[in-house]
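Colleague:
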Amino acid sequence: MLFLEERFNKAWNNLSEAISSKHSLAITLLVFFYTLSYGVMLVNPSIYWDDWTLILNNQAEILDTFHQAGSVWDWVGYLHSFLIQHPYSVKIYRTITFLSYLFSGLCVYLCLIKLNLFKRHNSFVISLLFLIIPINQARIALICLPYALCFFSLYLALTLNLYLKKSIIHELLITFIFLFSFNIPSTLPYFYPLFLGSIYLNDARSDKVLFLNSLKKNWRILISPFYFFVLKSYFFPPSGLYSNYNRIDVGNFYRSLTMLPKLFFESYTGGNEGIKFIIFLMLAIIFMYSVKRIIFKECKSIPDLKLIYFGIVLFWLGIFSYVLVGKPPKNFDWDSRHQLLTSLSLSLVLIEALKKLVNSSTLKRILLVFYVIFCLFANIQTQFDLFHDGLMQNALIEQIKTNNLFKTHTSFTFDCESGFWALDRKIRFYEFSGFFRLAFNEQTRFGSCKSDIKIAKSQQYHSAKYNLENYKYDPINFKVQLVKSKHISNVEMLPIMVAPLLYKKTTNYRSLGLLKIKVTQN
Numbered sequence: 085m086l087f088l089e090e091r092f093n094k095a096w097n098n099l100s101e102a103i104s105s106k107h108s109l110a111i112t113l114l115v116f117f118y119t120l121s122y123g124v125m126l127v128n129p130s131i132y133w134d135d136w137t138l139i140l141n142n143q144a145e146i147l148d149t150f151h152q153a154g155s156v157w158d159w160v161g162y163l164h165s166f167l168i169q170h171p172y173s174v175k176i177y178r179t180i181t182f183l184s185y186l187f188s189g190l191c192v193y194l195c196l197i198k199l200n201l202f203k204r205h206n207s208f209v210i211s212l213l214f215l216i217i218p219i220n221q222a223r224i225a226l227i228c229l230p231y232a233l234c235f236f237s238l239y240l241a242l243t244l245n246l247y248l249k250k251s252i253i254h255e256l257l258i259t260f261i262f263l264f265s266f267n268i269p270s271t272l273p274y275f276y277p278l279f280l281g282s283i284y285l286n287d288a289r290s291d292k293v294l295f296l297n298s299l300k301k302n303w304r305i306l307i308s309p310f311y312f313f314v315l316k317s318y319f320f321p322p323s324g325l326y327s328n329y330n331r332i333d334v335g336n337f338y339r340s341l342t343m344l345p346k347l348f349f350e351s352y353t354g355g356n357e358g359i360k361f362i363i364f365l366m367l368a369i370i371f372m373y374s375v376k377r378i379i380f381k382e383c384k385s386i387p388d389l390k391l392i393y394f395g396i397v398l399f400w401l402g403i404f405s406y407v408l409v410g411k412p413p414k415n416f417d418w419d420s421r422h423q424l425l426t427s428l429s430l431s432l433v434l435i436e437a438l439k440k441l442v443n444s445s446t447l448k449r450i451l452l453v454f455y456v457i458f459c460l461f462a463n464i465q466t467q468f469d470l471f472h473d474g475l476m477q478n479a480l481i482e483q484i485k486t487n488n489l490f491k492t493h494t495s496f497t498f499d500c501e502s503g504f505w506a507l508d509r510k511i512r513f514y515e516f517s518g519f520f521r522l523a524f525n526e527q528t529r530f531g532s533c534k535s536d537i538k539i540a541k542s543q544q545y546h547s548a549k550y551n552l553e554n555y556k557y558d559p560i561n562f563k564v565q566l567v568k569s570k571h572i573s574n575v576e577m578l579p580i581m582v583a584p585l586l587y588k589k590t591t592n593y594r595s596l597g598l599l600k601i602k603v604t605q606n
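For the sequence shown, my numbering gives the first residue as 85, with consecutive numbering after it.
(1) Determine the DSSP secondary structure at Ile396, reduced to helix, strand or coil.
(2) Can you check which of these residues, Asp158, Leu480, Val334 and Glu553, is closest to Gln565 by C-alpha distance?
(3) I need the straight-line Cα distance from Leu470 to Val375, nearest angstrom please.
(4) Using a threshold of 8 Å, state whether the C-beta atoms of Asp158 and His164 are closer than that.
(5) Go ahead and pull the three-state DSSP assignment for Leu347.
(6) Determine the closest residue to Gly154 out of Tyr550, Phe236, Asp419 and Asn330, with distance taken between C-alpha atoms.
(7) Given this structure, state the Cα-to-Cα distance separating Asn220 from Met372, to the nearest angstrom.
(8) Could you tell me which residues DSSP puts in a beta bridge with Glu530?
(9) Decide if the region 405-416 is in contact with the region 318-336; the criterion is three or more beta carbon pairs, one per stretch, under 8 Å apart.
(10) Are the region 220-233 and the region 135-144 touching, with three or more C-beta to C-beta distances below 8 Å?
(11) Are Leu140 and Gly161 closer than 8 Å when you measure CB to CB?
(12) Shortest alpha-carbon distance to Leu578 belongs to which of His472, Phe504 and Phe295?
(13) Measuring alpha carbon to alpha carbon, tell me which of Ile539, Phe116, Leu120 and Leu460 ends up nearest Gly354.
(14) Is the region 435-448 in contact with the region 238-250, if contact means three or more CB pairs nearer than 8 Å?
(15) For the beta strand (DSSP E) holding Val567, just list the boundary residues, first then last.
(16) Could you please give me the residues that DSSP links to Cys500 through a beta bridge?
(17) In three-state terms, what does DSSP make of Thr604?
(18) Leu138 by DSSP, collapsed to three states: which one?
(19) Between the Cα of Leu315 and the Cα atoms of Phe516, Phe404 and Pro269, which residue gives the shortest distance?
(20) Buried or exposed for Glu362, please, with buried defined as at least 16 other CB atoms from any protein chain shown within 10 angstroms of its CB.
(21) Compare the beta carbon distance of Ile511 and Phe498 with 8 Å and say whether it is the shorter of the two.
(22) By how many angstroms is the C-alpha of Val156 removed from the C-alpha of Gln169?
(23) Please state whether DSSP places Leu599 in a helix, a strand or coil.
(24) Mind checking Val192: buried by the 16 CB within 10 Å criterion, or exposed?
(25) What do you reckon, are the CB atoms on Leu434 and Val603 nearer than 8 Å?
(26) With H, G and I counted as helix, E and B as strand and the rest as coil, what does DSSP make of Phe416?
(27) Does the region 199-214 touch the region 249-264, meaning 3 or more C-beta pairs lie closer than 8 Å?
(28) Looking only at its own chain, which residues have a Cβ that is under 6 Å from the Cβ of Gly518, when we skip the five neighbours before and after it?
(29) Just to confirm the assignment, what range does the alpha helix (DSSP H) spanning Leu552 have?
(30) For a quick check, are the C-beta atoms of Thr271 and Ser265 less than 8 Å apart?
(31) What would DSSP say about Ala153, mapped onto helix, strand or coil?
(32) Within the continuous alpha helix (DSSP H) that includes Pro277, where are the two ends?
(33) From Ile217, Ile131, Leu120 and Leu113, pick the residue whose C-alpha is nearest to that of Phe516; which is it?
(34) If I measure Cβ to Cβ from Pro559 and keep anything under 8 Å in the same chain, skipping five residues before and after, which residues do I get?
(35) Taking contact to mean 3 or more Cβ pairs, one atom from each stretch, closer than 8 Å, check whether the region 444-455 and the region 523-534 are in contact.
(36) Going by DSSP in three states, Thr112 sits in which element: helix, strand or coil?
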């Protein structure tokens with residue numbers, strides 16, 4: 085056992101030295117591990133969730149949707165309407181999203197190196213965790229592309245602010261990039277601790293006067309959130325269907341504090357049981373070491389936990405806006421998109437807690453290696469699950485085409501077991517109507533889960549946006565039971581993923597035998 089420990093420590097030290105001396109190796113490893121985690125999304129041709137309100141609609145409908153949603157100068161609508169018409173639109177969306185999060189992680193690494201707050205190998209590990217902690221799996225949805233672009237712009241602006249020589253042109257450029265990042269409203273409270281912390285560490289770590297002078301030099305950037313807030317609130321308010329979409333409830337302020345511990349620790353796991361065990365083990369070891377140091381007075385001074393406290397506050401500010409409107413982040417369904425601004429704080433707290441509270445270097449390294457391995461496997465499995473989900477959607481569409489009851493009737497409820505779809509998600513009514521639209525090339529059929537049945541009567545949803553333009557309400561008398569009849573393993577899915585890259589091939593999803601449907605009259 086001692087021999088294995090010595091070999092492990094030697095390998096770790098050699099890697100740490102290589103990373104410390106060569107940024108190219110660190111960047112290569114970050115790209116490699118991130119690609120290992122999320123590379124499958126690049127070959128996933130399927131669409132999910134709100135993508136069904138984009139993929140089949142025209143430019144006017146898309147622009148109207150995002151105008152009502154309050155998009156500043158309708159840029160989100162123009163972006164989607166431009167990309168969606170391209171024959172390879174799904175691949176373009178996924179590639180831009182993939183690169184946006186990757187470049188964000190590289191920006192974090194460059195910022196940490198510049199700030200010199202950690203040893204270089206620790207900066208590498210924080211950046212690696214930033215990239216692969218299994219959160220925000222909603223990134224695969226095409227509709228979430230603006231989130232990815234704004235997320236990247238935030239860290240790009242921070243990086244440029246640290247590395248560019250200051251001039252009025254550079255400052256205006258950085259201010260503009262920050263303003264663009266504020267299109268994610270949750271960035272507004274998150275921005276200040278991040279930006280002020282970078283100024284303090286880079287320009288005035290030990291001198292208050294220098295810090296105040298730095299604030300004066302960056303006054304345009306510092307007031308940019310107020311520019312954006314006024315612009316968005318008074319000139320681009322949400323309207324129509326979205327007028328009450330994100331209504332603030334002051335009572336949720338208290339809720340954001342009480343939910344903080346639960347949301348914080350759940351975010352580390354991504355809903356994965358293996359990662360839950362590793363996190364539980366880390367907490368147990370940290371507690372054990374902390375108690376031991378107190379009892380045996382091994383601590384000559386109280387550990388400096390400022391960065392841990394800073395990370396927890398940063399996490400709270402990252403989720404605050406979502407909790408305030410009653411939409412706390414979750415690991416399941418599409419609410420994981422609300423985890424967008426949590427990756428840096430989670431990485432920072434984890435590394436600092438191990439560094440400050442566990443004094444065994446070997447144990448810290450072993451725990452980190454296991455955590456990274458489990459994160460990689462969790463992300464890979466989620467990507468395979470989403471790909472399998474897309475196969476299931478296509479199998480359902482092909483069975484809809486050939487079933488006479490779907491041809492002769494217009495209203496259906498769908499029932500399926502828990503965990504039937506990836507991310508344990510619920511299929512929305514406009515996804516079902518999108519399936520029908522693809523199957524029959526018309527918009528006359530309505531499908532929903534039980535909780536959405538009342539929507540069938542609502543005229544406001546009978547439009548092309550929801551693939552229901554020609555639907556006429558009909559009492560729902562047919563129930564569709566979905567049952568998985570076969571599970572394709574990850575190995576069996578690989579040829580299906582690779583085939584379109586090598587040659588044109590249409591998969592017969594019905595022949596895969598993935599699911600069975602049973603239609604019964606109520």
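Glycine included, each C-beta is placed from N, C-alpha and C at the ideal position. Because the structure is a prediction, the values reported are computed rather than measured.
Modeller: Working from what's here:
(1) Under the three-state reduction of DSSP output, Ile396 falls in the helix class.
(2) Of the candidates Asp158, Leu480, Val334 and Glu553, the one whose C-alpha sits nearest the C-alpha of Gln565 is Leu480.
(3) The alpha-carbon atoms of Leu470 and Val375 are separated by roughly 43 Å.
(4) Taking a C-beta distance under 8 Å as the contact criterion, Asp158 and His164 do not qualify as a contact pair.
(5) If DSSP states are grouped into helix, strand and coil, Leu347 belongs with the helices.
(6) For Gly154, the nearest C-alpha among the options comes from Asn330.
(7) When rounded, the distance between both Cα atoms is 32 Å.
(8) Per the sequence presented here, residue 530 reads as Phe, with Glu not at that position. Residue pairing for Phe530: DSSP places it in a beta bridge opposite Ser495.
(9) Yes, the region 405-416 is in contact with the region 318-336.
(10) Result yes; three or more Cβ-Cβ pairs closer than 8 Å.
(11) Cβ distance not < 8 Å, so Leu140 and Gly161 don't count as in contact.
(12) Check the Cα spacing between Leu578 and each of His472, Phe504 and Phe295: the tightest is with His472.
(13) Of Ile539, Phe116, Leu120 and Leu460, the residue nearest in Cα terms is Leu460.
(14) These segments do not touch.
(15) Run containing Val567: Phe562 to Lys568, per the beta strand (DSSP E) assignment.
(16) Residue pairing for Cys500: DSSP places it in a beta bridge opposite Leu566.
(17) Assigned with DSSP and collapsed to three states, Thr604 falls in strand.
(18) Coil.
(19) Measuring C-alpha to C-alpha distances from Leu315 to each of Phe516, Phe404 and Pro269 identifies Pro269 as the nearest.
(20) Here the sequence assigns Ile to residue 362, which means Glu is not the residue at that position. Note on Ile362: 16 or more other CB atoms within 10 angstroms of its CB, so buried under the neighbour-count rule.
(21) Going by C-beta atoms, Ile511 is nearer than 8 Å to Phe498.
(22) When rounded, the separation of the alpha-carbon atoms in Gln169 and Val156 is 22 Å.
(23) Strand.
(24) Counting Cβ neighbours within 10 Å, Val192 comes out buried, since at least 16 surround it.
(25) In this structure, the beta-carbon distance from Leu434 to Val603 does not fall below 8 Å.
(26) Note: Phe416 maps to coil in three-state DSSP.
(27) When C-beta atoms of the region 249-264 are compared with those of the region 199-214, fewer than three pairs fall below 8 Å, so the two segments do not count as touching.
(28) The answer, listed in chain order, is Trp136 and Asn551.
(29) Going by DSSP, Leu552 is part of no alpha helix (DSSP H) at all; its letter is neither H nor E.
(30) In this structure, Ser265 lies closer than 8 Å to Thr271 by Cβ.
(31) Three-state result, Ala153: coil.
(32) Counting along the chain, the unbroken alpha helix (DSSP H) around Pro277 starts and ends at Thr271 to Asp287.
(33) Looking only at Ile217, Ile131, Leu120 and Leu113, the smallest Cα-Cα distance to Phe516 is reached by Ile131.
(34) Ser495, listed in sequence order.
(35) Not touching, per the Cβ criterion.
(36) Helix, per DSSP.
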